[in-house]
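Colleague: The structure follows.
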Amino acid sequence: MRAGADRSSSLGSPGSDRPNGLRRSRSSRGNRANRSSRGATASARLVRGTVYAGAAISMGFLLFIIGYILVMGIPHIRPELFEWHYNSTNVSLMPALINTLLMVLIALALATPFGLFAAIYLVEYTKRGNRLVKLIRLMAETLAGIPSIVYGLFGLLLFVTALGWGLSLMAGACTLAIMVLPVIMRTSEEALKAVPDSYREGSFGLGAGRLRTVFKVIVPSAMPGILAGVILGIGRAVGETAALIYTAGTVAEVPEGIFDSTRTLAVHMYVLASEGLHLNEAYATAVILLLLVIIINTSSTALARRMTKG
């Protein structure tokens with residue numbers, strides 16, 4: 510009897526060990542899951558902290574630059590800087606301010622229609638995967654990354670020398686138009702692509718043609734994105750210096766015609782700083798230029814919101 514009991518106990522021992530083994534495996538899996546979740550949480554915190562640190566550093570540099578310009582420039586803003594005629598005594602920036610507005614308006618009037626129509630063609634009238642579209646996009650992205658001095662040399666050879674315009678407002682505006690054209694085109698293209706296809710299908714279903722659909726449905730829906738590209742183009746045109754020195758010149762007077770030499774705010778600030786005689790006026794000009802860019806961007810953003818609501 511004892512031998513039978515011993516045998517039964519010896520046979521039953523492996524079965525009794527199985528629940529313990531299952532518990533150990535489950536506990537080990539739970540520990541691994543906890544470790545992996547802790548690792549994922551730690552990595553997420555690290556990434557989040559890196560993003561916040563990068564944003565804080567970028568914002569800190571931006572605030573430092575703006576604060577430095579304001580501190581160095583505001584005390585030197587005086588009424589003589591806004592006189593109509595420039596001379597070595599008042600160092601007026603008013604002619605440069607007017608020339609900047611004229612230059613930007615002419616450049617945008619030339620670049621915006623071409624950029625918008627090119628974007629409409631690429632999005633609405635070409636087949637997806639077309640090689641020509643890929644080539645045009647590659648060329649636009651390449652043009653957007655070319656240094657401004659190259660545009661200046663191109664404008665000098667074409668507009669100033671070949672066409673005989675000389676250093677003039679028109680030559681500088683055409684050069685700026687070529688510079689901002691890729692930015693406006695690519696931004697407008699992305700804005701048009703972001704419009705849902707249901708808008709196009711609904712318009713076609715109501716009997717509208719492609720042209721009417723584009724200008725009555727697609728373009729108004731994409732107008733905020735298109736204006737964003739125009740704002741980016743304005744920012745680049747307002748702050749441009751190298752290209753305009755070769756094409757527009759450095760004359761500090763309001764031009765009587767579009768083929769007269771002129772000077773923008775950025776060029777005016779560069780000339781004052783390079784001469785070394787009017788550094789205080791150069792800082793004051795930087796403040797006015799900064800305020801001009803802020804006003805233009807704010808106005809454009811408000812216009813885009815109003816058009817979106819309307």
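Positions in the sequence shown are counted from 1; adding 509 to them yields the numbering used here.
A virtual CB, placed ideally from N, CA and C, is assigned to each residue, including glycine.
Three Cβ pairs or more, each shorter than 8 Å: is that satisfied between the region 710-721 and the region 759-774?
Modeller: No, they do not touch.
Colleague: Would you please state the rounded distance, in angstroms, between the beta carbons of Ala-793 and Gly-661? I believe it to be under 8 Å.
Modeller: In fact, because the Cβ distance is near 26 Å, the residues do not count as touching under 8 Å.
Colleague: Is the region 614-634 in contact with the region 732-741, if contact means three or more CB pairs nearer than 8 Å?
Modeller: The region 614-634, when compared against the region 732-741, does touch it at the 8 Å Cβ threshold.
Colleague: In or out: Ile-566 buried (at least 16 other Cβ within 10 Å) or exposed?
Modeller: Classification for Ile-566: exposed.
Colleague: DSSP three-state label for Ile-831, please.
Modeller: Residue numbering for the chain in the displayed model covers 510 to 819; residue 831 lies beyond these limits and cannot be assessed.
Colleague: Can you tell me which of Leu-812, Leu-788, Glu-762, Leu-667 puts its alpha carbon nearest to the alpha carbon of Trp-593?
Modeller: The shortest C-alpha separation from Trp-593 is found at Glu-762.
Colleague: What's the gap between the Cα of Ala-653 and the Cα of Met-612?
Modeller: Roughly 20 Å separates the two Cα atoms.
Colleague: Drop a sphere of 10 angstroms on the beta-carbon of Glu-710, count the other beta-carbons inside from all chains shown, and report buried for 16 or more, exposed for fewer.
Modeller: Glu-710 comes out exposed.
Colleague: Ile-803 to Gly-744, Cα distance in whole Å?
Modeller: In a straight line, the C-alpha of Ile-803 is about 9 Å away from that of Gly-744.
Colleague: Tell me, please, whether the region 663-670 touches the region 678-686 by the rule of three or more beta-carbon pairs shorter than 8 Å.
Modeller: With the cut-off at 8 Å, the region 663-670 and the region 678-686 touch.
Colleague: How many Å lie between Gly-714 and Thr-635 at the Cα?
Modeller: Approximately 21 Å, taken between the alpha carbons.
Colleague: With the cut-off set at 8 Å, would you say Leu-800 and Met-778 are in Cβ contact?
Modeller: Contact flag unset, no.
Colleague: On the DSSP letters alone, give me the boundaries of the alpha helix (DSSP H) that Glu-762 sits inside.
Modeller: Counting along the chain, Glu-762 falls outside any alpha helix (DSSP H), and DSSP gives it neither H nor E.
Colleague: Evaluate Leu-676 with the Cβ neighbour count: other Cβ atoms within 10 Å of its Cβ, from every protein chain shown; 16 or more gives buried, anything less gives exposed.
Modeller: It is buried - the Cβ of Leu-676 has at least 16 other Cβ atoms within 10 Å.
Colleague: Can you check which of these residues, Ile-655, Val-600, Met-694, is closest to Ile-645 by C-alpha distance?
Modeller: Here the closest residue by C-alpha is Met-694.
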